[in-house]
Structures are given as structure tokens and as C-alpha cells.
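Here the structure comes first, spelled out in C-alpha cells, and everything after it is commentary.
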Amino acid sequence: MANNSPTDYKKLFLQEEERRKQAEERNRQTTFAELLHLCHSLLSRPLRFETPSRSTTGTIPLPIGKYCPTRLALWTDCSSRQQKIYSSVCNYLQPTEEAPARLFTPLIALEDCARRFGLRPISSEQGLENYERIAVEDHVRDIIAELCKIDAARDEFGLGDGIWFDNHTKFINPKGGSEANANQPSSIRNPRPDQFCINRVNGNTNTLLTTVEYKPPHKLSVEALRVGLREMDLWKCMVRANKTPTDPTEKLKYDAERLVCSAIVQEYHVMIQEGLEYSYVTNGVARILLRVPYDDPSTVYYFFCDPNSEQSLQEPKTSIARVLCLCLMAFHSPVRGQEWRNTVQSRLHLWTTSFDHALSQTPKEVLQQISPQSDSTDPEYVSPESSSDYQPSSPLQESPTAGRRVRTRSQASCAPSDVRHRTQSPDSSGSDSNQATGRKRGFSQIRSSPSAQRAARQIEAAKDKGGHSKRHDAQFCTQRCLLGLQTGGILDDSCPNMKLHRRGQDVMKHSITAEDLVGLLKAQLDENIDRCTPLGNCGAYGAPFKLICDKYGYVVVGKGTTSGLWKEVSREAQVYQVLRKAQASAVPVFLGTIDLKKIYFLHGAGEIRHMLVMGWGGESTATMELTPGLLKHINKSNKEIEALGIFHEDLRPDNILWNEELRRALIIDFHRSTLKCRPAPKRSRAKTRFLRTESGDVKR
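Residue numbering for the sequence shown is 1 to 700, as defined by the UniProt record's numbering.
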């Protein structure tokens, strides 16, 4: 009867209490420190990869021209800069003076993710993308979302409404063809589809923060990164080198360097096109953080991170912490303007390369030596920044700031200005600038002190911000105003820009013609391509821009497109000429075309080289309810253009605008339209008799 003793019941009660306590701990939300440590131990360390022979290969694209940096240099102050940001994040989410808030994914959910990732090794770019999204990016997004709820953090980092991780960039060229044009200076294709974008969210607007390049370990292993990543004159060593090493050890090193450099150049190319300061390349285990300085863009700085080889994770050394800090750094770095991009691109070398092509050219015996079998924790390998000074990891519940001094709120005010102020860009770094000393600097007209460079860029950014705000807020000219401009008629009193059109004179008619306006707009853009503002989302064949004539105040729309699509899009100019009588009633007023001298690289669209110039048509009906009244207006406009011989062939809400000024539905996007014979106008009986007499058909 010993089993019925009170002692046994007490034991069972205690066991049940312990199980209940453990269940509560597994189901409760985690703290910031717990999240980082659990994700590292459950999702990062156990990650498995398929061997190259059992992994996807796909088709190997031909090598294409990519912008190539002259030099690859170590980013020496990356760790210290990330440490400052990480400490500040800990002050908000993991304060020492109070119990840390439980805000993040519970342990039970992380264990489920670990179980699912353990079922199948990563064997493709898609698999790596899925892992990165679930194991890293979603958590970074959640952390920044919590920071956004804290006013001081939101102001310090300039967070807006948070971040959004976006899938592959969708370019407006649906055929995926090259944008190359023999008559234009660029022979650069759009970035490859394994590009991933991180966007800053501010209300309904998303702006690009940075991009990511995925390279699964069966293609780019951690061992290849360890062997091949070093400071070098990249252009000289990788592109211009005439000899390939024959010594097996040196050949292994050379092949690894070529793979690593090809991956970096692929992402550097995107950074230059998109005007970005920061980016990174990852294979799921390790990361190469990249930085391109504003005033030395021919050098790309790198910092290698391998969390599984770190001796201590108290500081920002997990994958989540690294990506989090890089994103917060990017919040302080505004996207560079189109003028900067055009200037830099004209001076950079081009390397005809493709990572997959470089991989296919690497001998199998070399790949076997740097295969994914080494993509696991290697106790013998120590990260370049690790040393005996680092202490062992703290317990799960311990704050990541323990063991070192934590800045209080008052101390935080003494932080470097590049961390404090959202409007200041940390473009220049003393150590990076010093590393560049003694080299030719063809990208900077004046090489001044780092503080002077920062001040100059702040002034430039402020001017650009003010000009951009003015362009963004300007109201569009009315359709009646532009119709008067096109026909040489009178000004429209209801146009919000009428006073600017008059230029202080008491005139009733337009001072210039439509051709004059298009010429003035082209001259402005040829001088400074940043004098246009992207509007909304890209369409299938073009992207809208707001164009402002500085001299006369006309505000119109430019439908920008790429060289590869211009042949189709330019047909619209001919269609609008046929529809001249329907302009400002069934279609917008069309003013002309512009061939751009410079490239406008638009995120999500590509290299904009041409524009159709027209009046602003109105709001898209795609977001409106198709009421009987609206359908009646659409049918009316469609009949009007069909009466002129044009059949749209793609009449859907995205191609129909509602114009409140005219109280009409305006139809746009005629690249798929067809021209059919218009019904001949009825001739008078006398004229018909005359024609028949001339042809000898009249009966006598």
C-alpha cells in the first residue's frame, strides 16, 4: 500500500507543477535576449545543407557586364558601430533597471520551426530564402516593430513605421530581355532574381533600405568564404590577372577568391544601381556585410560574420543581431540620387561575370575541399574579431548587456551624432577613409576632412529633400490647360499653376508651345536627372513620374520605360496623334516624347531611358466601385476612341482613370491597341457626282 502514501501524492503534485511551469515557460513570449539566443541555438547551429551532388543547379546564365569595384577592403569599424547600435537597442528592449518585456516569439513556436527545418536540408536558393525569412528576417521585422512603439527609439533610429522584407524585384520588362542598347553607354542588365529587398515603411510609402544576396552553401560555403575573402585590388587581381596559379594550394585559394569576389560584385552592382550604402551576402550560416562609401564608391568594404564560430554571443554576433544592426544603420543612410549613380557608373570598370558561371568553371576537386560539409560549427576556427578577451555566453535569462557598462538615457544623449539624428547620414568613417589614403580618388572633386564631408553631404541632402518635397507637393496642370497649350489656345483659369504660366504678365494665351515644354523638360533632365519624381507603382510597361517645368510651372506626367520596351511603348505616341480629337475628353492630353541622356534607375522598374509626356489623367478606377454610372462613362470614352479607329484591346480598371476635372473616364496605356479602318465620312450628293464624273463612272 506504499503507493497510496501521502509522499507519493506530493511527488506527483510536484512533478505536475514542474510540467505546468515548463509548459508556461515554453508558451510564454520571449525577451529580446532570449529570442536571440534561442534562434541561434535552435535555428542557426543545427542548420543542415545538402551536398552539391544532391542540390539544385538550374541553368547557368551567360556572364554579363557588372559594375566592378577597384578595391576590396576590410570594414574595420563595423563591429564597433554595430555594438553602439546594439547597446542602444538593449537599453530600450532589455533594460537593466527593470524586468525585460516579453514581446517576441515563444519557445514552443521556435522549436516547431527548428523541427521543420531539420526535416529537409537546404538544397536551393528557394530553400535558403525560406529559411532566412522565417529564422532571421521575420524576427528582425518584429524587433523593429517593437522599437517603433517607443517614441525615443523611433526618433533615434528614424524608423518611420518599420520595415518590410520584399520578395524578388519585379522589373517592368516582362520578357526578361537585356536592356542593352548599342547606342547607349550602358550594357548592364537588371539584377538577378536572387536579390531580396528590405524596405522602410512610412505610411503607404515603401522606400528601399538595403538588399540581400542569397548564395546557398552548396554554391558558396563558409570554407570558401574563409579561404577566399581578403583585402585586395579586386580589379587587378581578379579581372586583369593574366596568370592562374599552378600550385595546388594557391590554385585552391585563387578559385575560392574568384567565387567570393563574383558573389560580392553581383551585390555591389545592385548597390550602385540602387544607390545603397549597405547590403549583405549570406549563405544562411555566415554573412558578408558590405558598405560602399559615398565619396569612395570604387571601394567596397566588407565584414565577415560567422555566428557559429563565435566564442561569445553576448554582443551583436548572432545572425538576427547582425541583420538588425545593419538595417538600423541603413535607416540613417538615404538612398543616393540618380546624378550620383550616373557619375559613379560612368567611371567604374565592368566585369563580365556571373557567379553561377564562375562556379561552373571551378574544378570539382576544389569544390570538394570547400564543400558544405564544413558548414557547421568549427571549434578550431575563431572569427577574426574573437579573442581571449571575450567571456563565455551568459545564461538565457541574463541581459545581453550584462558585464559591460550600459548607457542610461542621459548617457545616450552623448552618443555619436550619426546614431542620434535621423537626418544625418553616417557616410564617412574615419578608419575607412584612412585606409583609402594614398590611392587615386577620381570620384571626389574635393577631398576634405571627414567632418567637412559629412557637413557637405548633409547640406546636399537637405537641399535635395527640400527640392523633392516641392516637386512632390506641386499640383498637376488641368487637362484644359494642357489642351490649350497643345492647340495654342488660352490659359485655363482653374489650373493651379496659371500664375506661373503667365510669369507675372497679363496674358491670356500660353507663352510657349507643347514642343517648347517638352524641350525644356528634356534640358532639365539632361542637366540633372533627379529633377523628376516617381509616382506610385510601376505598370507592366512603364512607370509614372511627376515632371515640373521650372521656368513656366507646368506640372505633367512622364511615363518612363526601358530601352527594351521603348519600341512597343513608343507606339502610344502614334496612337495619341490618331486620338487627337479625343484628348481631354476620352484620353489625357499628349505632349510628346523624351529620350533621356542619363539613366534613371528606378527600383522595381530598371533603367528608365525614355518618357511619354502627357497630362495627369486622374485616379485609377482599379480601387473604385464599378457603379452603373462609372461604367456608363467608361463605355462613352471607349466608343469615342473606337469612333476614331482605335481599339484598346486591354480595357481593364488599371488602364482607366477617373478625372474629376472633366467628370470623364480617361483611357490610357495603348501599347496593345490596334488601328482599324475608320468609317468614311458621308459625302454630299454633289461631291459624289463630281467624283464619278472625274472617273468616268457617270451614266450618260
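Backbone N, C-alpha and C define an ideal beta-carbon position, used for all residues, glycine too.
Between Ser563 and Arg609, the C-beta gap is smaller than 8 Å, which places the two residues in contact. Approximately 6 Å separates the beta-carbon atoms of Leu579 and Leu644; this is inside 8 Å, confirming the contact. Around the CB of Asp247, fewer than 16 other CB atoms lie within 10 Å, so the residue is classed as exposed. The beta carbons of Trp340 and Cys68 sit no closer together than 8 Å. By the 16-neighbour rule on beta-carbons within 10 angstroms, Thr478 is buried. With contacts defined as CB atoms closer than 8 Å, Val613 and Val575 fail to qualify as a contacting pair.
Less than 8 Å separates the beta-carbon of Leu483 from that of Ala584.
DSSP, reduced to helix, strand and coil, places Phe355 within a helical segment of the structure shown.
For Lys317, the secondary structure class from DSSP, reduced to helix, strand or coil, is coil.
Under DSSP, Ile163 takes part in a beta bridge, and its partners are Arg200.
The Cβ neighbour count for Val222, taken over all protein chains shown within 10 Å, is at least 16; the residue is labelled buried.
Scanning its chain for C-beta atoms nearer than 7 Å, with the 5 sequence neighbours on each side dropped, one finds around Gly160 the residues Arg200, Val201, Asn202, in chain order. Boundaries of the beta strand (DSSP E) around Tyr278: 278 to 282. Judged by DSSP in its simplified three-state form, Ser80 adopts helix. Within a 10 Å sphere around the beta-carbon of Lys598 sit 16 or more other beta-carbons, which makes this residue buried.
The Cβ neighbour count for Gly228, taken over all protein chains shown within 10 Å, is at least 16; the residue is labelled buried. Sixteen is the threshold: when 16 or more other Cβ atoms of the shown chains lie within 10 Å of the Cβ of Leu657, as they do, the residue is buried.
Apart from sequence neighbours up to five positions away, the residues of its chain that approach Thr674 with a beta-carbon distance below 7 Å are Phe647, Glu649, ordered along the chain. Ranked by Cα distance from Gly158, the options Leu328, Arg28, Trp75, Ala241 are led by Leu328. In its chain, beyond the 5 residues on either side, Cys325, Leu328, Met329, Val419 have a beta carbon closer than 7 Å to the beta carbon of Ile85. Burial of Glu132 is indicated by the presence of at least 16 other C-beta atoms within 10 angstroms of its C-beta. DSSP places Ile529 in the coil class of the three-state scheme, outside both helix and strand.
Shown here, His671 sits in coil according to DSSP, grouped into three states, outside any helix or strand. Nearest neighbour of Pro100 by Cα position, chosen from Glu34, Val323, His139, turns out to be Glu34.
For the pair Gly560 and Leu491, the CB atoms are not nearer than the 8 Å cut-off. Between Val89 and Val323, the gap from beta carbon to beta carbon reaches 8 Å or more.
In the structure shown, Ser309 falls within a helical segment according to DSSP collapsed to helix, strand and coil.
Scanning the region 468 to 492 for uninterrupted alpha helix (DSSP H) segments of 4 residues or longer gives 479 to 487, listed from N- to C-terminal end. One Cα belongs to Tyr254, the other to Thr76, and the distance between them is close to 24 Å. Looking only at Ser279, Asn27, Arg531, the smallest Cα-Cα distance to Leu208 is reached by Ser279. Taking a contact to require three or more Cβ pairs closer than 8 Å, the region 210 to 220 and the region 278 to 293 qualify as touching. For Arg287, the enclosing beta strand (DSSP E) begins and ends at 287 to 291.
In this structure, the CA atom of Thr244 is about 28 Å from the CA atom of Thr51. Annotation: His633 to Arg663 spans about 9 Å, alpha carbon to alpha carbon. By the C-beta density criterion, Pro588 is buried, having at least 16 other C-beta atoms within 10 angstroms. Burial is judged here by how many other beta carbons sit within 10 angstroms of a residue's own beta carbon; Gln577 has fewer than 16 and is exposed.
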